[in-house]
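Okay, structure first, notes after.
Residue numbers (full-length UniProt numbering): 1 to 221.
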């Protein structure tokens, strides 16, 4: 008995369960690869930007470079914060009644909003991996229970039950559980890893916002 034979001879309900699990597995692997590349790209771009920023680059020229490029991650936060800072400082110079705290608060809010957008983008579709990891074993278990019920129900029509009579039906049913675990395990591992990577980037973004706010505050004094 091969796996393909067991799947082909399974009941329609069990086959439907297997099909659902395979679709969920393919989708989770698609998201696993796409999130791996997107998070790796964001981490690499963040490291490159940090090196440029802390190597004494002029803020105005760095801002122009970021605006002309496809900003991502920390670059997007810097662009939002410094752009808002320039607008508020110009407005403060024109009106003359804007406090330093208003300029800094506006810049910080812009950076926080950009940070949240970037984190939402990095965290997109990870909830699907968590869902696959949590429900796939139960869907597979449902297929197994249904298949075993059919196997034992079929024994009523058999005069003498032997292991050779029962084994194929039970084996067909257990394939559903195996496919459920095959779908769940990689999804759980990937979700935990991606959540950890996003948390690390979030901490780096928060640290940058505070340090960059201090730099901007010294410029307006």
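Even glycine gets a Cβ: it sits at the ideal position worked out from N, Cα and C. Bear in mind that the values here come from a model prediction, so they are computed numbers and not experimental data.
Apply the 10 Å Cβ neighbour rule to residue i and answer buried if 16 or more other Cβ atoms are within range, or exposed otherwise.
i           : result
residue 84  : buried
residue 52  : exposed
residue 185 : exposed
Beta-carbon separation of residue i and residue j under 9 angstroms?
i           : j           : result
residue 179 : residue 77  : no
residue 132 : residue 213 : no
residue 101 : residue 216 : no
residue 14  : residue 150 : yes
residue 119 : residue 37  : no
residue 80  : residue 113 : yes
From residue i to residue j, what does the alpha carbon distance come to, in whole angstroms?
i           : j           : result
residue 194 : residue 67  : 28 angstroms
residue 197 : residue 128 : 17 angstroms
residue 48  : residue 35  : 20 angstroms
residue 89  : residue 28  : 47 angstroms
residue 183 : residue 42  : 27 angstroms
residue 39  : residue 122 : 6 angstroms
residue 115 : residue 75  : 10 angstroms
residue 57  : residue 211 : 15 angstroms
residue 12  : residue 147 : 10 angstroms
Within the same chain, show all residues whose beta-carbon is closer than 6 angstroms to that of residue i, passing over the 5 residues directly before and after it, in chain order.
i          : result
residue 45 : 72, 73
Residues in its own chain within less than 7 angstroms of residue i by CB, not counting five upstream and five downstream?
i           : result
residue 174 : 144
Counting only beta-carbon atoms, is residue i nearer than 9 angstroms to chain D?
i           : result
residue 105 : The structure shown contains no chain D; it is built from a single protein chain.
With a cut-off of 8 angstroms, do at least 3 Cβ pairs link the stretch 17-27 to the stretch 131-143? In short, these stretches touch, since the Cβ pair count reaches three.
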